[in-house]
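A.B. asks:
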Amino acid sequence: MDAKEMLASLPENLSVKDRLNIPMQDMPSQDPEVRKHNMKEVAVGYSEEQVILEANRCLQCKNKPCMQGCPVAINIPGFIEKVCQKDFDGALQVIQESSLLPAICGRVCPQENQCQKFCTVGKTKKDVEQAVAIGRIERYVADHATSALPVIKEATGKKVAVVGSGPASIAAAADLRKAGHSVVMFEALHKTGGVLVYGIPEFRLPKALVQKEIDKLKAMGVDIETNFLVGRTRTIEELFKEDKFDAIFVGTGAGLPKFMNIPGENYVGVFSANEYLTRSNLMKAYKEDCALTPLYHSNKVAVFGGGNVAMDAARTALRLGAEKVTIIYRRTIEEMPARKEEVHHAVEEGVEFLMLNQPLEILGDDLGHVKGVKVIKCELGDADASGRRSPVEIPGSEYELDFDTVIVAIGNASNPLIKMTTPEIEVNKRGNFIVNPETGETNIKGLYAGGDIVLGAATVILAMGEGRKAAKAINEYLEGNK
Amino acid sequence: MNKIVSKVQLSPDVFLLEVEAPYIAKERKAGQFIILQLGEDFDERIPLTIADADVEKGTIFLLFQAVGATTYKLSLLKVGDSIANLLGPLGHPTEIKPYGKVVIVGGGIGVAPSFPIAQAMKKAGNEVRIITGARNKDLLIFQDRMHSIDPETIVVTDDGTAGRKGLVTEPLKELCETWHPDVVVAIGPPIMMKFCALTTKPYGVKTLVSLNTIMIDGTGMCGGCRVMIDGKMKFVCVDGPEFDGHLVDWDNMLLRQKTYKEREVEDNHKCRMMNLQVEGGNK
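One line per chain: the protein sequences are A and B, in this order.
Start counting the first sequence at 1; every next residue gets the next number (our numbering).
Start counting the second sequence at 1001; every next residue gets the next number (our numbering).
1) Under a three-way DSSP split, which group does ASN113 (chain A) fall into?
2) Check the Cβ of GLU1044 (chain B) against every Cβ in chain A and list those closer than 9 Å, keeping chain order.
3) Have a look at the DSSP bridge pairing and note the partners of ILE1129 (chain B).
4) Can you tell me whether DSSP reads ASP289 (chain A) as helix, strand or coil?
5) From what residue to what residue does the beta strand (DSSP E) around PRO391 (chain A) run?
6) If you measure between the beta carbons of VAL160 (chain A) and LEU176 (chain A), is that distance less than 9 Å?
7) Nearest to MET1221 (chain B) by alpha carbon, out of A:THR192, A:LEU256 and A:ALA208?
8) When you check each C-beta in the stretch 1221-1253 of chain B against every C-beta of chain A, which residues fall closer than 7 Å?
9) Beta-carbon separation of ALA310 (chain A) and ALA409 (chain A) under 9 Å?
10) Suppose only complete runs of 3+ residues qualify. What are the beta strand (DSSP E) ranges in the stretch 1011-1043 of chain B, listed by chain order?
11) My guess is that GLU426 (chain A) and ILE434 (chain A) are in contact by the Cβ rule of under 8 Å, so how many angstroms apart are they, rounded?
12) Measuring straight from C-alpha to C-alpha, what distance separates ASN281 (chain A) and VAL1102 (chain B)?
13) What does GLY1088 (chain B) reach in chain A if we use C-beta pairs closer than 8 Å?
14) List the residues that DSSP assigns as beta-bridge partners of PHE433 (chain A).
15) Establish whether the CB of LYS1258 (chain B) and some CB of chain A are separated by less than 9 Å.
16) Check ARG19 (chain A) in the structure and name its three-state DSSP category.
17) Buried or exposed, going by whether 16 or more other CB atoms sit within 10 Å of the CB of ASP1244 (chain B)?
18) Closer than 9 Å, CB to CB, is ASP1054 (chain B) near chain A or not?
19) Identify, in the order they occur along the chain, each residue of the same chain with its Cβ nearer than 8 Å to the Cβ of SER15 (chain A), setting aside the five sequence neighbours on each side.
20) Check the Cβ of THR278 (chain A) against every Cβ in chain B and list those closer than 9 Å, keeping chain order.
21) Who are the Cβ neighbours of ALA1197 (chain B) in its own chain at under 8 Å, not counting the five residues just before and after it?
22) Quick one: list the residues of chain B neighbouring ALA188 (chain A), beta-carbon separation under 9 Å, in chain order.
23) Quick check on THR1200 (chain B): does DSSP put it in helix, strand or coil?
24) Using the C-alpha atoms, what's the distance from ALA338 (chain A) back to ILE376 (chain A)?
25) Counting only the same chain and skipping the five closest in sequence on each side, list residues whose C-beta sits under 7 Å from that of ASN1282 (chain B).
26) Could you tell me which of A:MET27, A:LEU59 and A:ARG35 sits nearest to LYS17 (chain A), measuring between CA atoms?
27) Give the range of the beta strand (DSSP E) segment to which GLU400 (chain A) is assigned.
28) Does any residue of chain A have a CB that is nearer than 9 Å to the CB of GLN1037 (chain B)?
29) On the premise that GLU1020 (chain B) lies in contact with GLY1058 (chain B), defined as a C-beta separation below 8 Å, what is that separation, rounded to the nearest angstrom?
30) Comparing alpha-carbon positions, which option in A:PRO201, A:ALA3, A:ALA458 and A:ASP89 lies nearest ARG319 (chain A)?
31) Short of 6 Å in beta carbon distance, which residues of its chain neighbour LEU380 (chain A), apart from the five on each side in sequence? Order them along the chain.
32) Provide the residue span of the beta strand (DSSP E) that contains THR405 (chain A), from first to last.
33) Starting from ARG1226 (chain B), follow the beta strand (DSSP E) in both directions and report where the run begins and ends.
34) Taking the C-alpha atoms as reference points, what is the distance between GLY164 (chain A) and CYS1225 (chain B)?
35) Taking its Cβ as the centre, do 16 or more other Cβ atoms sit within 10 Å of THR1219 (chain B), making it buried, or is it exposed?
36) Rounded to a whole number of angstroms, what is the C-alpha to C-alpha distance between VAL303 (chain A) and TYR1203 (chain B)?
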């Protein structure tokens, strides 16, 4: 029975049992064999019938357990109810009370660890993967509903700078502008969107969607200055003193790639995931007929790491023509921080997973090009501070594997630039800004921060939540300064 | 958009552009660089050192050799055209202080970025001696500017068509022996900087070099510019571009510069073809 027939066959008034009997709607996706050769979005989105069926699986629990899993506390049953009534514009309104970027979050949030983790349907079925697919419903709403631009309050005469243009900054800029302040967003790259543009690949998050959010900011009257590196083009101090900004929000993210510190990491053919992805995503190097930014041509690619960025890099390598891509991770697939869905997609596309192996050294040929990786086998020991069982190397189990390219995707540290040029800012030993967790305020008056520059590498939704929290605090601060 | 306000061709493939960039003109210090991208989406981002600036006019001077696809396209731009994206000033400025005696070595187009450093070193009260080198007379640039700082600037060419015949390392060695500099700043092709560092090492003279590696963003994000300095990984864009030449792993740096050689050769060929067509059309 297809979704249309199933929807037609549903009784008028659904009992809890009826709802639990509706099968979870699978996300229609491009065929793995086809999509691994193109950059188009993998998941194509629900049909209208599917989204209504999926929405009807929601039990509308009185205590709304899903909401406690959402970092920005979207009224989830509220918007799902509107979807059941086919009122998609109404659903979008409910989401927008809490979230500004549903089209993006519906695609990249780790829902299985957030809202869907607490879903009663998933609990009843003793399988979180059987929870109501909240993210997919959210995505449908964002893609199909329209909303008017938010109302901008009367001009306050205050000027606020937003540094960076990723999710934390987009959220902060929108809320600050709504309050009637004049807002200028500064971005170092030639394109806005931060990690949404340079990091997350097109096949997972189409760049046109990010541009839509940026265009919305512009329509609201936010000024955007690209090619402007705060710290170098102008310092924080100059923005306050000479350019007369009343407050500044810093959302510069975690953009400094970490390396393994193993021998051979500087051979030709070793890339940080940031570089590899930036070449492809931001510089469009995958369009080799027209892009001038060169790509490294690979046949056998090793990706170190087990997070979403590792999956993105591995799947990008396939699309760029690699014959074989292997993810090397020192724990097992169970402990991988990547979203299950991303791992699943990578497996479907033919990415190989070499688990319980730790890279020891990258091997090079006489010309200094990568020719392989020396790894050591591991077994799982006791749980570590992260709660995951930690890998223990098995002595004497070293061996070598052939590769011509290595992508290091083991995480990012905070960008040091603003700290370098504003030494008064208090940071922790990892370089993250120390802020008041309630307000995002730093030790410098009028200077706020949020997102990965405070949290260390985290998620889009958390960054967005941080941006909104800081914007609220800035609005209050400026209110008091009238 | 950054408008080109003047353009001078210094040799068959070396150009000096003056570009509107008021913030950069005001903020830049000796030793810093910019990243530019000519058009929008499909152009690449390349780093170029800032050769000079005019704060009042709000312009900066960029000197480059048309060697790759982007520098070639850049060389075709005319006064009044614009560069879509220009980011800077990037990197740490040169540490200018009264060292005492300073030797500035500029090789090839590296003479241009060494000029603001020579200027600043002199202003800080240092005695400054300059060595400039090039393959031949036609490729010698910035001679007036350099002579204005050191009237006895030593000129060296590979073929002897101007100044002494030889390499910059020869007068550098002599100065180390007879003049005893406190600091040497060497800017030029990587191989020249490597040998300048090797030349000064036995004399224990601190030698600063300015590295120009492969880069995308220039803000610390991609890690493509990484080099090994005294066994530690550093990013040229945020930790440099200047480093102690005695601590640089030159061989690794030279190797990594060749990462995209195949593609560059191909692009270069395309550019030459384009050039031939343009010339043919003019006839």
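Beta carbons: idealized from backbone N, C-alpha and C, even for Gly.
In this text the structure is predicted, and so the values were computed from the model without any measurement.
C.D. replies: For this structure:
1) To locate residue 113 (chain A), count along the first sequence from 1; it is residue 113. Three-state DSSP puts ASN113 (chain A) in a helix.
2) Taking the second sequence and counting its residues from 1, the one referred to as residue 1044 (chain B) is at position 44. Those within 9 Å of GLU1044 (chain B) in chain A are MET283, ALA285, ALA291, LEU292, THR293 and PRO294.
3) Residue 1129 (chain B) sits at position 129 when you count from the first residue of the second sequence. Rather than Ile, the amino acid found at residue 1129 (chain B) in this sequence is Arg. In the DSSP output, where bridge partners are listed per residue, ARG1129 (chain B) has B:VAL1103.
4) Counting from 1 along the first sequence, the entry for residue 289 (chain A) is found at position 289. Reduced to three states, the DSSP call for ASP289 (chain A) is coil.
5) The residue labelled residue 391 (chain A) in the question sits at position 391 within the first sequence. Where PRO391 (chain A) is concerned, the enclosing beta strand (DSSP E) starts and stops at 389-393.
6) Locating residue 160 (chain A) in the first sequence gives position 160, where the first residue counts as 1. Locating residue 176 (chain A) in the first sequence gives position 176, where the first residue counts as 1. Yes, Cβ-Cβ distance for VAL160 (chain A) and LEU176 (chain A) is below 9 Å.
7) Within the second sequence, the letter at position 221 stands for residue 1221 (chain B). Selected option, being the one with the closest Cα: A:LEU256.
8) Listed by position, the residues of the stretch 1221-1253 of chain B near chain A (Cβ gap below 7 Å) are MET1221, CYS1222, GLY1223, GLY1224, ARG1226, MET1228, MET1233, VAL1238 and ASN1252.
9) Taking the first sequence and counting its residues from 1, the one referred to as residue 310 (chain A) is at position 310. Taking the first sequence and counting its residues from 1, the one referred to as residue 409 (chain A) is at position 409. Going by C-beta atoms, ALA310 (chain A) is nearer than 9 Å to ALA409 (chain A).
10) 1014-1020 and 1033-1037
11) As a working note, residue 426 (chain A) is residue 426 in the first sequence. As a working note, residue 434 (chain A) is residue 434 in the first sequence. At roughly 5 Å, the Cβ-Cβ gap stays under 8 Å, so GLU426 (chain A) and ILE434 (chain A) are in contact.
12) Taking the first sequence and counting its residues from 1, one reaches residue 281 (chain A) at position 281. Taking the second sequence and counting its residues from 1, one reaches residue 1102 (chain B) at position 102. So the alpha carbons of these two residues sit roughly 45 Å apart.
13) Mapped onto the second sequence, residue 1088 (chain B) falls at position 88. Chain A residues near GLY1088 (chain B): LEU229, ARG232 and THR233.
14) Start at 1 with the first residue of the first sequence, and residue 433 (chain A) comes out as number 433. DSSP lists A:VAL427 as partners of PHE433 (chain A).
15) Translated into the one-based positions of the second sequence, residue 1258 (chain B) becomes position 258. Taking Cβ atoms only, chain A reaches closer than 9 Å to LYS1258 (chain B), which makes this a yes.
16) As a first step, residue 19 (chain A) must be located in the first sequence, where it is residue number 19. ARG19 (chain A): helix per DSSP, three-state reduction.
17) Your numbering for residue 1244 (chain B) matches position 244 in the second sequence. Exposed, because fewer than 16 other Cβ atoms sit within 10 Å of the Cβ of ASP1244 (chain B).
18) Against the second sequence, residue 1054 (chain B) aligns to sequence position 54. Interface with chain A (9 Å Cβ-Cβ cutoff): ASP1054 (chain B) is excluded.
19) Residue mapping note: residue 15 (chain A) aligns to position 15 of the first sequence, counting from 1. Closer than 8 Å at the Cβ level, and outside the excluded window around SER15 (chain A), lies no residue.
20) One-based indexing of the first sequence puts residue 278 (chain A) at position 278. Per Cβ cutoff of 9 Å: ILE1216, ASP1217, MET1221, CYS1222 and GLY1224.
21) Numbered from 1 along the second sequence, position 197 holds the residue referred to as residue 1197 (chain B). Cβ-Cβ distances below 8 Å link ALA1197 (chain B) to ALA1186, THR1207, VAL1209, GLY1245, HIS1246, VAL1248 and TRP1250 in the same chain, with the five nearest sequence neighbours on each side left out; the list follows chain order.
22) Within the first sequence, the letter at position 188 stands for residue 188 (chain A). Within chain B, the residues near ALA188 (chain A) are LEU1087, ASP1217, GLY1218, THR1219 and MET1221.
23) Residue 1200 (chain B) sits at position 200 when you count from the first residue of the second sequence. In this structure, THR1200 (chain B) counts as helix in the three-state DSSP scheme.
24) The count along the first sequence starts at 1 and reaches residue 376 (chain A) at position 376. The count along the first sequence starts at 1 and reaches residue 338 (chain A) at position 338. Taking the straight line from one Cα to the other gives about 22 Å.
25) Position 282 of the second sequence, counting from 1, holds the residue named residue 1282 (chain B). Per-residue confidence for ASN1282 (chain B) stands at a pLDDT of 34, beneath the threshold of 50, marking its modelled position as unreliable; no derived number is given.
26) As a working note, residue 17 (chain A) is residue 17 in the first sequence. For LYS17 (chain A), the nearest C-alpha among the options comes from A:LEU59.
27) As a working mapping, residue 400 (chain A) is identified with position 400 in the first sequence. Per DSSP, GLU400 (chain A) is one residue of the beta strand (DSSP E) stretching across 399-402.
28) Locating residue 1037 (chain B) in the second sequence gives position 37, where the first residue counts as 1. Closer than 9 Å: yes.
29) Sequence index remark: in the second sequence, residue 1058 (chain B) carries index 58 (1-based). Sequence index remark: in the second sequence, residue 1020 (chain B) carries index 20 (1-based). At roughly 6 Å, the Cβ-Cβ gap stays under 8 Å, so GLY1058 (chain B) and GLU1020 (chain B) are in contact.
30) By one-based count along the first sequence, residue 319 (chain A) stands at place 319. Closest by alpha carbon: A:PRO201.
31) In the first sequence, residue 380 (chain A) corresponds to position 380, counting from 1. Once the five neighbours on either side are set aside, the close Cβ partners of LEU380 (chain A) are ARG389.
32) Residue numbering aside, residue 405 (chain A) sits at position 405 when the first sequence is read from its first letter. Counting along the chain, the beta strand (DSSP E) containing THR405 (chain A) begins and ends at 405-408.
33) Numbered from 1 along the second sequence, position 226 holds the residue referred to as residue 1226 (chain B). Run containing ARG1226 (chain B): 1226-1229, per the beta strand (DSSP E) assignment.
34) As a position in the first sequence, residue 164 (chain A) is number 164, starting the count at 1. As a position in the second sequence, residue 1225 (chain B) is number 225, starting the count at 1. If I take the Cα positions, the gap works out to 22 Å.
35) Numbered from its first residue, the second sequence carries residue 1219 (chain B) at position 219. Flag for THR1219 (chain B) reads buried.
36) The count along the first sequence starts at 1 and reaches residue 303 (chain A) at position 303. The count along the second sequence starts at 1 and reaches residue 1203 (chain B) at position 203. Cα to Cα, VAL303 (chain A) sits roughly 45 Å from TYR1203 (chain B).
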